Structure formats: structure tokens, C-alpha cells
Amino acid sequence: MFREMRRFKQKLEKNECEEILFNGTEGVLALQGDDGYPYTVPLNYVYKNGAIYFHCAKAGHKIDAIKNCDKASFCVINKKDIVQEKYTTFFKSVIVFGRMSEVEDDKEKFDSVKALTEKLCPDFKDGIENEINKDWSRLNLLKMTVEHMSGKQAIELVKKGE
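Going by this note's numbering, 47 is the number at position 44 of the sequence shown; the sequence numbering is gapless.
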């Protein structure tokens, strides 16, 4: 169903992909937008329990696109060192494919938005629960259930053993 990586020597193992997802803070979500055009949007996220969670508005282009087609992909770039003298980029990246849904379960929603906020605001953890509770009625959370992931790195990093 999902394509095998053509440059298999550059493939990252699943644990390396998950490490990139755990440590990253932003990526680009791709959905099928209006009139069949791709719709991509940069988002903060948290990777938790094998799923990716995104905070968003309750209405808008993302929500409409997901209602029309729940299939999505999400890309995170971990390393992106431009090496000018070699006319290349040393990179590591992960692409995830999965199904999008709005989180309805209150416990999952609370725990996941708390994890996202702790990840993005580690210096202000004390006030997180109050903020969540204050804005609970307006809070919307999306979940990408991962069906497939692949990671790739620059061939130069493979040769260096990084």
C-alpha cells in the first residue's frame, strides 16, 4: 500500500523516526484541500502513544478538508545543515501517513493537549492545567493515527555513521 523507499541505504529505522517525532516541535501537515488542491499547513505537534496530536480551531480549512478526506501526511525535518561548499544539505526527516480525526474523549483530549503544552512551554508548566480548563469549551484537538512512517537521511550522514 505504501511505497518502499527508493534510496534504501538512507532509510532511518523506526526508532530513529520516532526519536525525531518525539523531539520535534513543528512539521507540515498535508491534506486534500478545496477542488482537489493539496493543502499544507505548518503546525506544532506532540507525538504520544503512537499518534500525533495538533491543537487547532474548531472550524476552518483543516477541519473542512478532514471532513472531506481523513487521509493525511505529516513531515518533520530534524536536521537541515546546508553545506555550501558541497552544494548539498545534510538532513534527517520523517514522513508519516495516517488518518485524521477530532479527539472526542475528554481524558485523551486533556492529557494530549497538556503533553503538547508541556513540550512547547516547559518553563511554564505550573499554569498549564488552569489554562486548559479556562479554554476547555473552545479547545479542539486533532489526532493523526499513524498507518505508516518512513525516515530518510542524507547519504553523507550514512557514510559518516551519524
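Glycine residues also receive a C-beta, built at the ideal position from the N, C-alpha and C atoms.
Computed from a predicted structure; not experimentally measured.
- From the listed residues 56, 37, 34, the smallest Cα separation to residue 28 is found for 56.
- With fewer than 16 other Cβ atoms inside 10 Å of its own Cβ, residue 87 counts as exposed.
- For residue 116, no beta strand (DSSP E) encloses it; the enclosing alpha helix (DSSP H) starts and ends at 109-123.
- For residue 102, the secondary structure class from DSSP, reduced to helix, strand or coil, is strand.
- Residue 17 and residue 53 have their C-alpha atoms spaced approximately 11 Å apart.
- Residue 30 sits in a strand when the DSSP states are folded into three classes.
- Selection 76, 115, 21 evaluated against residue 99 yields 76 as nearest (Cα-Cα).
- In the structure shown, the three-state DSSP call for residue 5 is coil.
- By DSSP's assignment, residue 83 forms a beta bridge with 94.
- Setting aside the 5 residues that flank it on each side, residue 8 is surrounded in the same chain by 14, 153, 155, each with a C-beta closer than 8 Å to its C-beta; the list follows chain order.
- With contacts defined as CB atoms closer than 8 Å, residue 34 and residue 60 fail to qualify as a contacting pair.
- Contact holds between the stretch 129-146 and the stretch 101-109, because three or more Cβ pairs, one in each stretch, are under 8 Å apart.
- For residue 70, the uninterrupted alpha helix (DSSP H) run begins and ends at 64-71, by DSSP.
- Sequence-distant partners of residue 118 (beyond 5 residues in either direction) whose C-beta falls short of 7 Å from its own C-beta, in its chain, are 49, 51.
- Taking the Cα of residue 58 as reference, the smallest distance to any Cα among 122, 159, 162, 128 is reached at 122.
- Per DSSP, reduced to three states, the secondary structure at residue 160 is helical.
- According to DSSP, residue 154 shares a beta bridge with 15, 97.
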